[in-house]
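Input: a single structure, listed below in structure tokens.
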Amino acid sequence: MTGRQGPAPSRRSLIGAGLGISAAGIAAAASGQALAAGSGGAAGPEGAGPLSAPARGRAFLAAAMDAYPDHGSLRLTQSYTDQAGLFSTAFTYDNALAILAHLAARRPESLARATALGDALLYAQTHDPAYDDGRLRQAYNVGPYTFYDGSPQPDGFVRADGTANVGTQFGFTGTAVGDMAWAGIALSALARRTGARRFLTAAVRIGEWIERTGRTDEPLGGYKFGVDGANQKLPFTSTEHNTDLVCLFGRLARLTGDRVWLERRGRAEAFVKRMWEPAGGFFYTGTNDGVIVNKSPIPEDTQTWTHLALGSRTGGYARSLDWAAAELAVRDHAGRTNSTVPAGQSYEGVTFSSASLLADEDAPIAEGQPQPDRNGVWFEGTAHLALALRDRGKRGDEARARRLLASTEQAQELLGGGQTVGGKALPERAGVVSASSPLDTGFGFGYYPYRHTGATAWYLMAAARYNPLQV
Numbered sequence: 003m004t005g006r007q008g009p010a011p012s013r014r015s016l017i018g019a020g021l022g023i024s025a026a027g028i029a030a031a032a033s034g035q036a037l038a039a040g041s042g043g044a045a046g047p048e049g050a051g052p053l054s055a056p057a058r059g060r061a062f063l064a065a066a067m068d069a070y071p072d073h074g075s076l077r078l079t080q081s082y083t084d085q086a087g088l089f090s091t092a093f094t095y096d097n098a099l100a101i102l103a104h105l106a107a108r109r110p111e112s113l114a115r116a117t118a119l120g121d122a123l124l125y126a127q128t129h130d131p132a133y134d135d136g137r138l139r140q141a142y143n144v145g146p147y148t149f150y151d152g153s154p155q156p157d158g159f160v161r162a163d164g165t166a167n168v169g170t171q172f173g174f175t176g177t178a179v180g181d182m183a184w185a186g187i188a189l190s191a192l193a194r195r196t197g198a199r200r201f202l203t204a205a206v207r208i209g210e211w212i213e214r215t216g217r218t219d220e221p222l223g224g225y226k227f228g229v230d231g232a233n234q235k236l237p238f239t240s241t242e243h244n245t246d247l248v249c250l251f252g253r254l255a256r257l258t259g260d261r262v263w264l265e266r267r268g269r270a271e272a273f274v275k276r277m278w279e280p281a282g283g284f285f286y287t288g289t290n291d292g293v294i295v296n297k298s299p300i301p302e303d304t305q306t307w308t309h310l311a312l313g314s315r316t317g318g319y320a321r322s323l324d325w326a327a328a329e330l331a332v333r334d335h336a337g338r339t340n341s342t343v344p345a346g347q348s349y350e351g352v353t354f355s356s357a358s359l360l361a362d363e364d365a366p367i368a369e370g371q372p373q374p375d376r377n378g379v380w381f382e383g384t385a386h387l388a389l390a391l392r393d394r395g396k397r398g399d400e401a402r403a404r405r406l407l408a409s410t411e412q413a414q415e416l417l418g419g420g421q422t423v424g425g426k427a428l429p430e431r432a433g434v435v436s437a438s439s440p441l442d443t444g445f446g447f448g449y450y451p452y453r454h455t456g457a458t459a460w461y462l463m464a465a466a467r468y469n470p471l472q473v
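Residues are numbered in my numbering as their position in the sequence shown, beginning at 1, plus a constant of 2.
Here it is, written out as structure tokens:
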């Protein structure tokens with residue numbers, strides 16, 4: 003996830019908090035039908051019986067996208083339920099995932115939603131209040147609200163002057179390479195699915211911005227973090243970001259026929275492979291200065307996304323999935339310190355990073371926030387581990403993936419009840435929470451039991467066996 007290298011603005015901060023340190027996820031068969039753990043829930047159309055767990059996940063994404071109907075059809079998906087305290091914030095990364103999850107569904111209505119979200123990202127790219135260079139911001143506001151200081155924020159995604167409503171109240175004004183890469187991945191997927199040239203053009207603009215802004219000739223190479231809200235370049239280089247670029251640049255090479263993207267993909271891939279620790283069988287998080295590898299904490303997504311992006315080129319690197327499944331495994335239940343899981347329930351999966359397992363359970367995650375549960379399950383990461391295991395397909399991988407997805411489906415069934423988006427009730431038992439209990443990522447922020455677009459999207463992709471990082 004972004005933000006691994008230090009206190010830099012990135013895609014997900016302020017989750018349930020008023021502080022701004024940033025950072026950076028079942029189906030019994032390929033059809034995506036639910037296991038018994040997720041077979042109950044809200045009723046479908048009359049006579050159709052209960053909705054499957056994936057159908058309820060899609061219903062959540064739809065509700066979070068349609069929460070502000072009085073503010074026009076051009077819209078993005080709100081990232082978290084209102085209870086997270088982020089109001090109508092729509093993170094660029096989460097909306098890229100929503101596009102990909104809609105494409106994974108392969109339904110006409112889902113394609114329409116993916117296309118609408120893609121057009122909203124294009125609008126943001128071409129109607130930025132300050133820049134016309136292809137960038138997107140960390141997040142946007144998509145509906146009106148009153149901020150904590152009492153100041154009214156009346157606009158939807160499109161402000162009265164026609165510019166995109168950048169998330170200035172929380173300082174979500176910077177641009178991270180990882181966020182941009184995911185937006186480009188989503189837009190390139192739309193271009194391939196729809197044949198619409200506008201999406202490829204926008205993805206190429208994103209790639210060119212990354213090349214201009216992020217490319218570095220430091221000893222470890224790769225592409226650097228991006229820029230902060232003042233447009234100052236940030237010094238960090240992230241394994242996750244460069245993993246994302248392996249996919250984006252590879253796709254741009256395929257879709258445009260321009261071989262320059264292959265050279266750029268090779269640069270990003272070389273950085274990722276330099277982060278490999280052969281003795282432990284995992285990838286490090288990146289570098290703070292382009293010279294020295296940052297060896298702690300070790301995050302989950304650099305283990306799973308590397309496999310999803312590198313594919314057949316992973317070779318021995320695929321051991322990183324085993325490292326994540328073993329070393330970051332957690333089981334949360336009511337008896338755990340600081341757990342918020344109701345009595346009689348338990349959840350298994352993975353946590354965010356090696357530091358999450360060592361969090362100080364006597365200290366708040368951040369000012370005004372609860373104390374962490376070292377065994378809190380991070381469902382977004384649990385979902386992309388399940389997908390990566392399915393993609394790898396070694397003996398026992400499918401069984402492990404199904405257990406992880408069953409736990410995620412149970413969370414959709416039972417956690418996060420009564421939460422709202424835009425002040426409106428959600429469909430029953432729809433949407434996966436970020437975490438089973440408050441967890442400390444080890445990167446200056448936490449995750450909490452709020453229903454989340456990103457976690458839900460990763461679950462849907464894992465249930466559908468849809469690899470969003472495959473070129």
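Heads up, the beta-carbon is just placed ideally off N, CA and C, and yes, glycines get one too.
Where the alpha helix (DSSP H) through Glu-242 begins and ends: 241 to 258
If you measure between the beta carbons of Ser-240 and Pro-299, is that distance less than 9 Å? no
Thinking Thr-196 and Arg-453 are a contact (beta carbons under 8 Å), I'd like their distance in whole angstroms, please. At roughly 29 Å, the Cβ-Cβ gap does not stay under 8 Å, so Thr-196 and Arg-453 are not in contact.
Among residues of its own chain, excluding the 5 on either side of Val-332, which ones have a beta-carbon nearer than 6 Å to its beta-carbon? Thr-353, Asn-377 and Val-379
Where Leu-441 sits in the DSSP three-state scheme: strand
Give me the DSSP bridge partner(s) of Phe-62. DSSP lists no partner for Phe-62.
Using only the alpha-carbon positions, how far apart do Ala-281 and Glu-415 sit? 40 Å
Rounded to whole angstroms, what is the Cα-Cα separation between Tyr-2 and Arg-200? In the structure as shown, the chain begins at 3 and stops at 473. Residue 2 is therefore absent and cannot be evaluated.
Spatial distance of Leu-250 from Gly-186 (CA atoms): 6 Å
Whole angstroms is fine: what's the gap from Ala-390's alpha carbon to Pro-344's? 30 Å
Phe-172 by DSSP, collapsed to three states: which one? coil
What do you get for Gly-224, buried or exposed, if any count of 16 or more other CB atoms within 10 angstroms of its CB means buried? buried
Tell me whether Ser-75 is buried or exposed, calling it buried when 16 or more other Cβ atoms sit within 10 Å of its Cβ. exposed
Secondary structure at His-129, three-state DSSP: helix, strand or coil? coil
Terminal residues of the continuous alpha helix (DSSP H) containing Tyr-95? 94 to 107
Enumerated in chain order, which unbroken segments of the beta strand (DSSP E) with a length of 3 residues or greater are wholly contained in the stretch 337 to 377? 348 to 352
Helix, strand or coil, according to DSSP, for Gln-234 in the structure here? coil
Meets three-Cβ-pair contact criterion under 8 Å: the stretch 233 to 248 and the stretch 260 to 276: yes
So, helix, strand or coil for Ile-23, using DSSP? The predicted position of Ile-23 is uncertain, since its pLDDT is 25 and thus under 50; no value can be drawn from it.
Measure the alpha-carbon distance for Thr-117 versus Leu-192 and round it to whole angstroms. 7 Å
Buried versus exposed call for Pro-301 [16 or more other C-beta atoms within 10 Å across all chains shown]: buried
Assumed close pair Ala-385, Ala-311 - CB separation to whole angstroms, cut-off 8 Å: With a Cβ gap of about 16 Å, Ala-385 and Ala-311 do not count as contacting.
Going straight from the alpha carbon of Glu-350 to that of Pro-451, what length do you get? 15 Å
Comparing C-alpha positions only, which one of Pro-56, Tyr-70 and Leu-53 sits nearest to Val-423? Tyr-70
For Pro-146 and Pro-131, believed in contact at Cβ under 8 Å, the rounded distance: Their Cβ separation, rounded to whole angstroms, is 18 Å, which puts Pro-131 and Pro-146 out of contact at 8 Å.
Measuring only the C-alpha atoms, how far is Ser-322 from Thr-306? 7 Å
Of the choices Lys-396, Tyr-286 and Pro-366, whose alpha-carbon is the least far from that of Tyr-449? Pro-366
Between which two residues does the beta strand (DSSP E) carrying Ala-141 extend? 141 to 143
Candidates Leu-417, Lys-297 and Ala-205: closest to Phe-381 by CA position: Leu-417
Is Arg-402 closer than 9 Å to Ala-327 when the C-beta atoms are compared? yes
For a quick check, are the C-beta atoms of Gln-80 and Met-67 less than 9 Å apart? yes
Just to confirm, are Ile-208 and Gln-140 a CB contact at a threshold of 9 Å? no
Just grab the DSSP bridge partners of Thr-148 for me. Pro-154
Where Glu-302 sits in the DSSP three-state scheme: coil
Proximity to Ala-205 [Cα-Cα], best of Val-179, Asp-230, Val-229 and Thr-218: Val-179
Quick check on Asp-334: does DSSP put it in helix, strand or coil? strand
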